[in-house]
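Undergrad: In the numbering used here, the protein residues as written are 141 to 363. Got a structure for you, written out below as C-alpha cells; questions coming shortly.
Structure (C-alpha cells):
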C-alpha cells in the first residue's frame, strides 16, 4: 500500500520505468515528494525500486486507440497504484469515465471529448480528470488551440471533479518545480489558482489513497 503526505508536490506521470532513475536527483531538487513511474507490463515492475526521501508510485496510462484498451486496463489494474485512460472520442471517454477500474481521464486532444455526462460518471465514482502539462505546452508551442481543453476543465471544475496535473516538464525536458507547474496550468487553462495548487499536491494524494482504500475493500470482501 502506498501512503503519501497530503499537500506534498507529486507528479503521478513523472517518467517511464526504464528511464525514471536518471531524473531522481532533479526530482529531489525541485521538491517532488512522490513520483509516478509509468509501467506497461509486469516486467516493468522489476525496474521500479524504492528510494529514500521520495515515494514511488506505480502508474499506467491506456490509450483508447488500442483496439482492446479495456482489456489492457483490466490487466494493468492489479499491478498499479493509479490507472488512467486517454480517450479520443466522446463515446470512449464516456465508457472510460464510467468504468470503476479507471482512476482518471486524460485530456490531451484539441477535440471536445469530455462532456457533462462524463463528469457525472466521474462524480459518481469519485474519479479525476487529468491534464499533461508537457502536452499542453507542446500544443501551445505548435499554435494549437487549447479552447476545448479549457472548456473541459471548466466542466470538471463546475461539477467539482478534481483535476490532476501530470508530466510537469517543459518541451525541452526540464523538470518544473511546484510553483512553475501550477502557474503554467493556471495561465494556459484559467480557473481558480487554488485548485491548480491542489492539482499538483492534494488531488494526486486523494487519487492514490482512494484507490488504496478501494483495493483494501475488495480484498476484505474476497477474504
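Backbone N, C-alpha and C fix where the C-beta goes; we use that ideal spot for every residue, glycine too.
1) Name, in chain order, the residues that DSSP records as bridge partners for residue 212.
2) Check the C-beta distance from residue 149 over to residue 171 and give it rounded, since I have them as a contact under 8 Å.
3) Reducing DSSP to helix, strand and coil, say where residue 269 ends up.
4) For residue 176, name the three-state secondary structure that DSSP assigns.
5) State the DSSP-derived secondary structure class of residue 281, mapped to helix, strand or coil.
6) Please look up how many angstroms separate the CB atoms of residue 266 and residue 350, rounded, as I've assumed it's under 8 Å.
7) Return the residue from the list 355, 277 and 173 that minimises the CA-CA distance to residue 192.
8) Counting only C-beta atoms, is residue 335 closer than 8 Å to chain B at any point?
9) Is the beta carbon of residue 227 closer than 8 Å to that of residue 204?
10) I'd like the list of long-range same chain contacts for residue 357, defined as Cβ closer than 6 Å, with 5 residues on each side in sequence excluded.
11) Relative to the C-alpha of residue 214, which residue among 153, 298 and 239 is closest?
12) So for residue 366, helix, strand or coil by DSSP?
13) Going by the CB atoms, is the gap between residue 245 and residue 258 shorter than 8 Å?
14) Should residue 181 go down as buried or exposed, given a rule of 16 or more other Cβ atoms within 10 Å for buried?
TA: From the atom records:
1) Translated into positions along the chain shown, residue 212 becomes position 72. Its beta-bridge partners do not exist; DSSP assigns none.
2) By one-based count along the chain shown, residue 149 stands at place 9. By one-based count along the chain shown, residue 171 stands at place 31. The pair is a contact, with the Cβ atoms about 5 Å apart (cut-off 8 Å).
3) In the chain shown, residue 269 corresponds to position 129, counting from 1. In this structure, residue 269 counts as strand in the three-state DSSP scheme.
4) Taking the first residue of the chain shown as 1, we reach residue 176 at position 36. Of the three classes helix, strand and coil, the one that applies to residue 176 here is strand, per DSSP.
5) For this step, residue 281 is matched to residue 141 along the chain shown. In this structure, residue 281 counts as helix in the three-state DSSP scheme.
6) Residue numbering aside, residue 266 sits at position 126 when the chain shown is read from its first letter. Residue numbering aside, residue 350 sits at position 210 when the chain shown is read from its first letter. Going by Cβ atoms, the distance from residue 266 to residue 350 rounds to 6 Å, so yes, they are a contact pair.
7) As a position in the chain shown, residue 192 is number 52, starting the count at 1. The alpha carbon of residue 192 has as its nearest neighbour, out of 355, 277 and 173, the alpha carbon of 173.
8) Absence of chain B from the displayed structure is noted, only one protein chain being present.
9) What you label residue 204 is simply residue 64 of the chain shown in a count that begins at 1. What you label residue 227 is simply residue 87 of the chain shown in a count that begins at 1. Result yes, Cβ atoms of residue 204 and residue 227 sit closer than 8 Å.
10) One-based indexing of the chain shown puts residue 357 at position 217. Below a pLDDT of 50, predicted positions are generally treated as unreliable, and residue 357, at 49, falls in that range; the measurement from the model is reported next regardless. Within the same chain, residue 357 has no close Cβ partners at all.
11) Residue numbering aside, residue 214 sits at position 74 when the chain shown is read from its first letter. Among 153, 298 and 239, the Cα nearest to that of residue 214 belongs to 239.
12) Limits of the chain in this structure are 141 at one end and 363 at the other, which puts residue 366 out of reach.
13) Here residue 258 refers to the residue found at position 118 of the chain shown. Here residue 245 refers to the residue found at position 105 of the chain shown. In this structure, the beta-carbon distance from residue 258 to residue 245 falls below 8 Å.
14) On the chain shown, position 41 is the one that residue 181 refers to. Residue 181 is exposed by the Cβ-count criterion.
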